[in-house]
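Engineer:
Residue numbers (our numbering), protein chains in the order written: chain A, 1 to 728; chain B, 729 to 1695.
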């Protein structure tokens, strides 16, 4: 008897499934901001987390059971009772049902495991909060209805993974591991950004299948972007180096992320976009070649690796390599192989998770096995022929990979040489110059006058700010002031008949100069300034397309500028003049300053998809009207800026204390100083939310057009997975 | 085999003089700093700073801080906390000043040494960055100075005539180039070197972790590593350069010695600096360097004894990688120069001469400021009344190391005095002792964890008698367990395993069952490794993965059910195969002749004074520990059995004593064992607190019910022991009965997510050599090693002269390893367990790129109160002086204060402590304010509801229950 489940109830359930862990995580994070967690927190925190995950698991099970009973119809859901939006944001089908069960079950087991495992660990609450955020985001990605939604959760997954890899941020290993992962993740994010940007720019909205409806040329670029994202996230060659580096967190986080869930998010995207791959032979072959090479390479590595966790990481990668190959091979052979990947993922995730959780037992297990078999402990077996062959084959890649390495190195050297410090100082005035030039083109002397006076005033005020850093003052004040002025100018001019070429050219120049200067820098304050500048460039690019994004950009730049100034000067007031390139270890010593810097970094690079994400998105649309390939370049630029900023922020905050704080902790932000940081963050978040609701594309006309256009291709619907069918 | 000295002395292509290799001759001395830990599968505790043992303790700590950056004491704030909660009193501080051996020449006028010391000891100095001191004084001044204008006070203190600049930093020319680089670069270069070096070491030394081995593993580490470097593709330019040089090294066939010299010369042409540079280079990755050095000296611990291992090979590879990393860094800065000397010149120039240290007020000023703040009324007079130069001198003479030494001595004195007071209280109020023919007798290891177990036995069964002795029961055997080829030396490290014993399947079906067991484990192992390969793995994971779901649900969401299932399986496996012992009885290598057997048995019995009367059942209990997901499992096993459990020694001991020929033999020597006495060997599991007897099939019918009764009694005592252990476990809060306590410790031992299966030797602080009568009924809080010894039957001190050097290395090693792992867990311990990653069956590393970590994990030492072992011996000062003079092993640690030797008069319980240069001087609370030792009727009454360390208490069963904790 088919049971009816109304869309409202279903979407309420899904909202709760995702919302409960995320809200719990948010609650813990805010509590941590104002109260110092002690050991007494452990019990309530772990209870709360288990309750949250348990409830989520229960709802997942209820949802799955009802869905099965109701006839396994694929459901596209809005928010419950269509509050806030008319758009579909959740997708519930066989894939979501199976994977959400897997994720929630492993999430609950991991939280329960960590409750005893992390007992007395100073970061207990931090770990729990981050793990919950991660689990909520994974569930969000599983239920996401379209690539853009997926990208948002994808960013949260990335951000929380990063925090967990660097959980022990006082040690150099986790820091450099997290930075290495950040670098690769930004490549994946850039790919994702390109794909999503093109989808948004071409206004083919809706579920995953519609990506295949893009115009042919654009579709190829988007497919490459998404394929790169899948390959990086699944740690396939040539992006496979990050996974072993990510094994730096506590055992449960390694198990959850790299055995269990994180590694499979890429596969989830690949499965969801299966109709896109049909149209792109390049992507198919990319999957087949990279996947099978990884399966072989990682398979052999896992057998020669002498430490337990890395060996497991390689074997997980090799299995995922097989699955990636299947995804690519399907369209080539004309089979629906992608459907077989989902049950494989469910089995693989839990087995690797279990093996990783048990990895500290490895010596005991091995010794026990060898003892009980009457084998000697130490053993040097002759090297199998496979290994010799593998070494020989790998040797063939020596020259090309060295070439890549040399190119990267030369690029960095060249960039630092091209922009010596005085040029950098001058170039930060670029936004100001562009804004004034723009004011000039308005041929409206009144506006031009106001802009010029305003700019002078702003620079003057910023120069008075208590930085105490002789070398940083002109730089930062100039940049933040200029950015705010430039954007004010744009805002004021928004009503006018504008000359978008000036904006477009200005945006490109500013962005490129920011990227080049950011490459050669090792100074956090300067990279922050350059990132602000880059964001300004992005905002101008976006504005040239006419999105009316200026208001948001102004708010964003003014507040991030304020936040940057505030945080930098608070460090300076405690330590006197600071050499930022030699600062380290803030995270352990001053957690609030650290949190402030992380929030700022997040805001600037759009790691959680804040308002800056919209700037980038707008810039993508603007660029895509020029050429879809331009999007790839732009996304690459943005990945570089974000990576450098992330690396330097983490270097200052994480790692063993160096430089001025080597001989003791620096005093943290006080309660009253902390409030503005949180306030700005909240404001930015709220603006981001408001903006994202305001610039929604799912208008009724679009829906209608879309449905008309997609009627034919939707003849091939998202079929339930074979395993679920036969279960009946 | 490049590393062999003879090979290198001829084949040197550069033809240098041998005497130029200063570093080579000094290598053993340089390497003495490296951790000396055996592979973790047999973890045995030893002093982590053994190479400093020839130096007096406090001097050694100051040196360790200077050279290696090791902290040898608790933090000041910890000591202040102990002072505040009463564990350290003013009287103890006075004793601390005496014991530290410091003299106070420069003290301000009108102050006593005690007042001056106390002013500084109680100062709460915030450990903030020097640069932020101004901000702190301005924004967060000490509360007590609110009225006195803190900024003004600070400015006055700062302007005193300080002799700033007492910081002895290593001169830049003695530093490895890479360290100079680290001071200039934001990125930490060691990390990048280790990322390459670590896996190379692991793959080379692997004792069976990987399935397949890499080529050239028998060709020496240098050749092995060079070949891999030369062959691997990489996108890192410096590694590609290193690979190219590696290829040329292979072509040139240069020896490791020459290569190290070459590379040292590249970075520092002045050869006299090489040893210093080499030492610091080794300290960059002490774990791997130490393991190479260890395996070079102990071939039996290698994967295969004939695999060449050499520290020099390793150093050559490390220095080569460092060279190319340095070169790359310079390429990046645009000043590429080929020579290391050139780089060194550049780097030294760029070091900031006006380091932050120079720019800020000295630490002494900061200390004085807070000392003043701790007692403002008295302290502020210092600034007004004293001559500024004299004041500065007085502060500078009283260094932080001195303060630490005084605090620490005071801390130990506080503990010692309370123990001595308790011994004296016991003396005044003696325990009735066991029945004339005890109900049963049990001998356990002298382990501190058995203290509470023995106390529980005696409390529950007052007629029973317990003994404590070395956990290998005086049987130094090389043991081959059933069906294995791996032997275990079941004896302490410093004892040579003299007798070979094999375990063989007993008659009947045992042989078949053994084979069945083996095929099961082979199948499990095959399944596990198949799931890890790419092709069969992918096919398998879909299947086993689904099977793993129930395991996840049961194992993680219902842990106790999982524990019970696992326990049942383990029990079934244990009784599956019956076994017997086999040993060579004819004289020869590894034989254990009947005469030797009788000797060993007899000497143990007289040493621990087990000379009768014998009860009807006598149990020998070895100890071991069951836990899962724990790479450091063997650290919880018996140190006296070489990091294995002691059950096989106990079994052997019981088997020997049940033999009539042995009984006859020792009767001739004066120990008569009645014919109705049965000996039984077994195991006390210190983790799940189970007592099991082995070889139960050999028990004669008449003894069976007695033995079963005894086992039940011992298990009851073990449950009480579990309750006492639970008092310190956070997750067992609220448990007040033995049964739930036992359940708790059982599920703990089977929980995958439990990094603290048991608390191990945490809090060990003393050892007591003497008759049990002196300590029976004393609550010693699981802090004491108890060695049964009877001074009355030991005329002339023969036994104690055997017992002290025989046991002290084991328990002293345990104590000092816990001590150092606790006080400096980052350097001497292995940090938190949570990111640990087992590597090569050698040890653990942190994550994928950490160094090999040695020492104990933080979870194993976090509640340990670091106290040097207080060895109390019921004897006379003359006897002990004789032992110190004749036994160098004892003299070394006692004279230099690495353990404290205290002589307790068996008749009066008066104590005297050995102080170097003064001999035995009176100790204990005698001349201070009296310490009242509290009494309780039962242990549980004393400890229930308390989670922290407790003072010793007197257990008087008739006491009418008035219990109050010592303040």
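We put the beta carbon where it would ideally sit given N, CA and C, even for glycine. Note that the structure is predicted; figures quoted are calculated from it, not measured.
Quick check on DSSP: helix, strand or coil for residue 1406 of chain B?
Structural biologist: strand
Engineer: How about residue 1355 of chain B and residue 1415 of chain B: are their beta carbons less than 7 Å apart?
Structural biologist: yes
Engineer: Less than 7 Å between the beta carbons of residue 925 of chain B and residue 1046 of chain B, yes or no?
Structural biologist: yes
Engineer: Please state the DSSP three-state secondary structure of residue 1448 of chain B.
Structural biologist: helix
Engineer: Drop a sphere of 10 angstroms on the beta-carbon of residue 1357 of chain B, count the other beta-carbons inside from all chains shown, and report buried for 16 or more, exposed for fewer.
Structural biologist: buried
Engineer: Using 8 Å for Cβ pairs, my map puts residue 549 of chain A next to residue 558 of chain A. What's the rounded Cβ distance?
Structural biologist: Not quite, the Cβ-Cβ distance comes to about 15 Å (not below 8 Å), so this is no contact.
Engineer: If residue 1209 of chain B sits next to residue 1219 of chain B, beta carbons under 8 Å apart, how far is it from one beta carbon to the other, in whole angstroms?
Structural biologist: Not quite, the Cβ-Cβ distance comes to about 15 Å (not below 8 Å), so this is no contact.
Engineer: Could you work out which residues of chain A lie near residue 977 of chain B, taking near to mean beta carbons separated by less than 7 Å?
Structural biologist: Neighbours of residue 977 of chain B on chain A: none; closest Cβ ~17 Å, over 7 Å.
Engineer: As a quick exercise: from B:1676, B:1276, B:1680 and B:1685, pick the residue whose alpha carbon is nearest that of residue 809 of chain B.
Structural biologist: B:1676
Engineer: Tell me the rounded alpha-carbon separation between residue 675 of chain A and residue 551 of chain A.
Structural biologist: 25 Å
Engineer: Between residue 195 of chain A and residue 222 of chain A, is the Cβ-Cβ spacing less than 7 Å?
Structural biologist: yes
Engineer: Spell out whether any CB of chain A is found under 7 Å from the CB atom of residue 1284 of chain B.
Structural biologist: Cβ-Cβ to chain A under 7 Å: yes for residue 1284 of chain B.
Engineer: Is the CB-CB distance between residue 1213 of chain B and residue 374 of chain A below 7 Å?
Structural biologist: yes
Engineer: Considering just the uninterrupted stretch of the beta strand (DSSP E) at residue 1195 of chain B, what are its terminal residues?
Structural biologist: 1193-1197
Engineer: In this structure, does DSSP put residue 424 of chain A in helix, strand or coil?
Structural biologist: Residue 424 of chain A falls in the helix class under three-state DSSP.
Engineer: How is residue 868 of chain B classed by DSSP in three states: helix, strand or coil?
Structural biologist: coil
Engineer: For residue 1478 of chain B, which residues of its own chain have a beta-carbon under 7 Å away from its beta-carbon, when the five flanking residues on both sides are left out?
Structural biologist: 1290, 1291, 1294, 1295 and 1356
Engineer: Write down the C-beta distance between residue 29 of chain A and residue 75 of chain A rounded to the nearest angstrom, noting that I regard them as a contact closer than 8 Å.
Structural biologist: About 32 Å separates the two Cβ atoms, so there is no contact after all.
Engineer: Helix, strand or coil: how does DSSP classify residue 1639 of chain B here?
Structural biologist: Strand, per DSSP.
Engineer: Can you tell which of B:1067, B:803 and B:1110 has its C-alpha closest to the C-alpha of residue 843 of chain B?
Structural biologist: Measuring from the Cα of residue 843 of chain B, the nearest candidate turns out to be B:1110.
Engineer: Do residue 949 of chain B and residue 801 of chain B have their C-beta atoms closer together than 7 Å?
Structural biologist: Their beta carbons are not under 7 Å apart, which means residue 949 of chain B does not touch residue 801 of chain B by this criterion.
Engineer: Roughly how many angstroms separate the alpha carbons of residue 5 of chain A and residue 67 of chain A, rounded to a whole number?
Structural biologist: Here the alpha carbon of residue 5 of chain A sits roughly 8 Å from the alpha carbon of residue 67 of chain A.
Engineer: How do the region 334-354 of chain A and the region 1539-1553 of chain B stand: do at least 3 beta-carbon pairs fall below 8 Å, yes or no?
Structural biologist: no
Engineer: Considering only residues of the same chain and omitting the five flanking positions on each side of residue 1428 of chain B, which have a CB-CB separation below 8 Å?
Structural biologist: 1406
Engineer: Sorry if obvious, but does the Cβ on residue 1568 of chain B come closer than 6 Å to a heavy atom of the ligand COA?
Structural biologist: This structure does not include the ligand COA; it has no bound ligands of any sort.
Engineer: For residue 1095 of chain B, is the classification buried or exposed, using 16 other Cβ atoms within 10 angstroms of its Cβ as the cut-off for buried?
Structural biologist: buried
Engineer: Taking only beta-carbon positions, decide if residue 207 of chain A is within less than 7 Å of chain B.
Structural biologist: no
Engineer: Is there a Cβ of chain A sitting closer than 7 Å to that of residue 931 of chain B, yes or no?
Structural biologist: Judged by the 7 Å Cβ criterion, residue 931 of chain B is in contact with chain A.
Engineer: Can you tell me whether residue 1282 of chain B is buried or exposed, with buried defined as 16 or more other CB within 10 angstroms of its CB?
Structural biologist: exposed
Engineer: So, is the C-beta of residue 36 of chain A closer than 7 Å to a C-beta in chain B?
Structural biologist: Put simply, the CB of residue 36 of chain A is far from chain B, with every gap to its CB atoms at 7 Å or more.
Engineer: Spatial neighbours of residue 1137 of chain B within its chain, please: CB distance less than 6 Å, with the 5 preceding and 5 following residues excluded, ordered by chain position.
Structural biologist: 824, 827 and 828
Engineer: For a contact defined as C-beta to C-beta under 8 Å, what are the partners of residue 380 of chain A on chain B?
Structural biologist: 941, 945, 946, 1031, 1032 and 1035
Engineer: For residue 1216 of chain B, which three-state DSSP category applies?
Structural biologist: strand
Engineer: Can you list, in chain order, the stretches of the alpha helix (DSSP H) that have 4 or more residues and sit fully within the region 63-139 of chain A?
Structural biologist: 94-117
Engineer: Below 6 Å CB to CB, which residues in the same chain sit around residue 1591 of chain B once its five sequence neighbours on both sides are set aside?
Structural biologist: 1490
Engineer: With DSSP collapsed to three states, give me the class of residue 1348 of chain B.
Structural biologist: strand
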